[in-house]
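**Q** Quick one: structure below, then a few questions.
Protein chains: 2
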Amino acid sequence: MRFHAPALYYFHAVRRTGSIRAAARTLNVASSAVSRQILKLEEEIGAPLFERTARGLTLTTVGEMLARHVMTVLQDHDRFRSDVQSLSGTWRGSVSIACIESLAESLLPGLIASHRGRARRVTFTTQVMGSADVLDALSRGEADIGIAMALRHPQDLRQVALKRFRLGAIVATDHALARRRTVTLAQCLAFPIIHALPELSIYHLLQPLIAQLAETPEPAVQANSIDLMRELAARGVGVAIQTQIGIGRLAKSGQLKFLPLDNAGSPVWSDLGVYVRAERVLPAHTESFLQELVRELGDRERQENADHGKVRA
Amino acid sequence: MRFHAPALYYFHAVRRTGSIRAAARTLNVASSAVSRQILKLEEEIGAPLFERTARGLTLTTVGEMLARHVMTVLQDHDRFRSDVQSLSGTWRGSVSIACIESLAESLLPGLIASHRGRARRVTFTTQVMGSADVLDALSRGEADIGIAMALRHPQDLRQVALKRFRLGAIVATDHALARRRTVTLAQCLAFPIIHALPELSIYHLLQPLIAQLAETPEPAVQANSIDLMRELAARGVGVAIQTQIGIGRLAKSGQLKFLPLDNAGSPVWSDLGVYVRAERVLPAHTESFLQELVRELGDRERQENADHGKVRA
DNA sequence: TATAGCTGTTGCCGATTCGGCAGCAAGCCG
DNA sequence: CGGCTTGCTGCCGAATCGGCAACAGCTATA
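Chains as they are written, first to last, in the UniProt record's numbering: chain A, 1 to 313; chain B, 1 to 313.
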């Protein structure tokens, strides 16, 4: 069952739960056992790994270093086991994805469905969260692949791909703007705006542009859900601003129209990054899904830019 | 003392020594203990890790997979310990280098000396061997940094840098060829040749060129030592063919002359590659030495090409 | 062909480590 | 203040590890 020294698993659990007793519960062992293993680790390393507070444990600097080491060990062990199983036939793989909401509607479902069509034994776990949380989840080893807005670039992650998509206005097909081919931010602001809350990264992309405008608009709706914003726009409540990649189905069925945003004559880009924990070799099946993901993203990028090129011409 | 499960260290030792009893000797434990740990590993993984022959053990496919995993674990643990030590002040680092002979004369000694001048606590281990052995040593985890001729490119290694150096004839300063600026292979063959044995990679670079010539020359001396060949050339025994990077001191003191080789009007290159085990994060001090090494190699490459440019002009 | 030397493996048993139970002091919160 | 949580620590049984000696299988040498 447990391949490596028990102390590694115990340390890993304590780091995740933030408490020795909670870790002991998830591990189905006595808390004393966990406590002793941690103490043994600290004595062997010669430095405390956690700061003890009344309400739990927090990693020290050395503790964070050890956390990195333990993570590479456990993740590489997973890869090893998966590789061995794929050799012996009895094989089951799993891919864990952390991504921002805009991909959960059309891109990811399509990719996962097509991948599972070919490889039935691969299990997927997808979690939707904010860009910053995606990167954190990767750093903490809680996901294999992360897709997020490329705002900052943390050092313990490797950026596998970086694709640019145009921001644009999303309106119902009978909206007054819908006949245009591109729109400026000022033109949008003449109508009720469905605005993203700061939790969504689109907010941080648009904020500097809005700040340049003379008047600050008063949004009709503020929301932290891409899904909600999209549906509101479809119902004619107002203009939402998103990337085209987030509105696949409704656009195809003709209920929504996507109008690339034009800012002083140049497009507004949102950079989408695909991330993987650096210092890590992915299992074969994860790597293969990652390749498909990157390729599909690249296809979409090319396709959308071609569309807009046509529009502009 | 031992951070990870004993089975890992035992497996590692058995893989290196190729025998359970030999591993037990190097580990200072009974051979029965080693045998049991290996059996336990195999039962846990569900597949044999070694093929038992009468004379020892050989890795199976699964065994090689585990070997990769164990190597990343142990190497990353080294990095962790070194990072912790560098944090606590009590720090000692070590860099293990495997390289071909041509670098052992001038480049490496200079680099190591200058690096130790700044970082006294770094210990160096350098082993000179053939190009193929350098890559093998890296794959087996027996060295941190490898420098070898870039002939093949094994998949478990990462090529950090690739530098080209011209091959050329090495002659004593009073040799008949010494007044020339460049030489062709045919011109060299008019004189006694000091030829490399197949163990040296230069042999494999020159062999195709020699095969093109009408007559096959009879070498005056064949040797497997760059050092020996260089000294023979200095004593006027004949013409040796090497890269300039291997003949630093004697050339500077004016005892030797390096004449770039000219093959049908174009230079003859030898590609020197710097390698590191892929899937590995180097400790900080190793990484810093690696950077210096790559930079120095780049400087030499630029400088030599500038020299030959001058010569040609 | 016999023998000596090597290999890995296995019983047996002591030494070491691990883990569970109960109880301790310390801090937070109502 | 009492109830709750936290991590830590004796005590002791269970599991693991490791050493010694013996065994079978193989190779090389006499």
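Idealized CB from N, CA, C, for every residue including glycine. Note that the structure is a prediction, hence the values are computed from the model and not measured.
Is it buried or exposed for residue 303 of chain A, if we count other Cβ within 10 angstroms and need 16 for buried?
**A** By the 10 Å Cβ count, residue 303 of chain A comes out exposed.
**Q** Which term fits residue 262 of chain B, buried or exposed, when burial requires 16 or more other beta carbons within 10 angstroms of its beta carbon?
**A** Burial call: buried.
**Q** Name the DSSP bridge partner or partners of residue 86 of chain A?
**A** Bridge partners of residue 86 of chain A: none, in fact.
**Q** Reducing DSSP to helix, strand and coil, say where residue 152 of chain A ends up.
**A** Looking at residue 152 of chain A - three-state DSSP - the assignment turns out to be coil, as it is neither helix nor strand.
**Q** Considering only residues of the same chain and omitting the five flanking positions on each side of residue 242 of chain A, which have a CB-CB separation below 6 angstroms?
**A** Correct list, in chain order: 170.
**Q** Going by alpha carbons, who is nearest to residue 6 of chain A out of A:57, A:74, A:62 and A:21?
**A** Selected option, being the one with the closest Cα: A:74.
**Q** If you follow the alpha helix (DSSP H) that residue 117 of chain B is in, where does it begin and where does it stop?
**A** Residue 117 of chain B -> alpha helix (DSSP H) spans 107-118.
**Q** In chain B, what lies closer than 9 angstroms to residue 87 of chain A by C-beta?
**A** Residues of chain B passing the Cβ test: 47, 61, 62 and 65.
**Q** Grab the span of the beta strand (DSSP E) containing residue 126 of chain A for me, first residue to last.
**A** Counting along the chain, the beta strand (DSSP E) containing residue 126 of chain A begins and ends at 122-128.
**Q** Excluding sequence positions up to five away, which residues of its chain have a Cβ less than 8 angstroms from the Cβ of residue 313 of chain B?
**A** Note that residue 313 of chain B has pLDDT 34, beneath the 50 cutoff, so the model's placement of it is unreliable and the number below is only indicative. So the list is empty, once near-sequence residues are dropped.
**Q** Would the stretch 92-99 of chain A and the stretch 252-269 of chain A be scored as touching if the rule is three or more Cβ pairs under 8 angstroms?
**A** The stretch 92-99 of chain A is not in contact with the stretch 252-269 of chain A.
**Q** For residue 209 of chain B, which residues in the same chain have their Cβ closer than 8 angstroms to its Cβ, ignoring the five residues on either side in sequence?
**A** Within the same chain, residue 209 of chain B has close Cβ partners 185, 263 and 268.
**Q** Taking the straight line between their C-alpha atoms, what separation do you get for residue 22 of chain B and residue 14 of chain B?
**A** If I take the Cα positions, the gap works out to 8 angstroms.
**Q** Would DSSP call residue 215 of chain A helix, strand or coil?
**A** Residue 215 of chain A: coil per DSSP, three-state reduction.
**Q** Going by the CB atoms, is the gap between residue 115 of chain A and residue 292 of chain A shorter than 9 angstroms?
**A** Contact: yes.
**Q** Taking only runs that begin and end inside the stretch 6-57 of chain B, name each unbroken beta strand (DSSP E) of 3 or more residues, in chain order.
**A** Those beta strand (DSSP E) runs which fall completely within the stretch 6-57 of chain B and span 3+ residues are 50-53.
**Q** Got a sec: is the Cβ-Cβ distance from residue 80 of chain A to anything in chain B below 9 angstroms?
**A** True, the Cβ-Cβ gap to chain B drops below 9 angstroms.
**Q** Would you tell me roughly how many angstroms separate the C-alpha atoms of residue 192 of chain B and residue 220 of chain B, rounded to the nearest one?
**A** Rounded to the nearest angstrom, the two C-alpha atoms are 5 angstroms apart.
**Q** Give me the subset of the UniProt domain "HTH lysR-type" (1-60) of chain B whose CB atoms are less than 8 angstroms from a CB atom of chain A, sorted by chain position.
**A** So the close ones are 1, 3, 4, 5, 8, 44, 45, 46 and 47.
**Q** Compare the beta carbon distance of residue 284 of chain A and residue 32 of chain A with 9 angstroms and say whether it is the shorter of the two.
**A** Their beta carbons are not under 9 angstroms apart, which means residue 284 of chain A does not touch residue 32 of chain A by this criterion.
**Q** Tell me the DSSP secondary structure of residue 66 of chain A in three-state form.
**A** Residue 66 of chain A: helix per DSSP, three-state reduction.
**Q** Please decide whether residue 68 of chain B counts as near chain A, where near means a Cβ-Cβ distance under 9 angstroms.
**A** Chain A contact via Cβ: present.
**Q** Within 10 angstroms of its Cβ, does residue 101 of chain B collect 16 or more other Cβ (buried), or is it exposed?
**A** Looking at its Cβ environment, which holds 16 or more other Cβ atoms inside 10 Å, residue 101 of chain B is buried.
**Q** Spell out the partners DSSP gives residue 94 of chain B in its beta bridges.
**A** Beta-bridge pairing links residue 94 of chain B to B:123.
**Q** Could you list which residues in chain B have their beta carbon closer than 8 angstroms to that of residue 276 of chain A, in chain order?
**A** The contacting residues do not exist; residue 276 of chain A stays about 13 angstroms from chain B at best.
**Q** Just the C-alpha distance for residue 137 of chain A and residue 127 of chain A, rounded to the nearest angstrom, thanks.
**A** Straight-line Cα distance between these residues: approximately 10 angstroms.
**Q** Which residues in chain A sit within 7 angstroms of residue 77 of chain B, going by Cβ to Cβ distance?
**A** Under the 7 angstroms cutoff, chain A gives 69.
**Q** Check this for me: beta carbons of residue 246 of chain B and residue 172 of chain B, under 9 angstroms apart or not?
**A** No, Cβ-Cβ distance for residue 246 of chain B and residue 172 of chain B is not below 9 angstroms.
**Q** Using a Cβ-Cβ cut-off of 9 angstroms, state whether residue 72 of chain B counts as contacting chain A.
**A** Output row for residue 72 of chain B: interface = yes.
**Q** Is the beta carbon of residue 156 of chain A sitting closer than 9 angstroms to the one on residue 286 of chain A?
**A** It is not a contact, given that the beta carbons lie outside the stated cut-off.
**Q** Can you look up residue 224 of chain B in the DSSP assignment and give me helix, strand or coil?
**A** DSSP places residue 224 of chain B in coil when its eight states are reduced to three.
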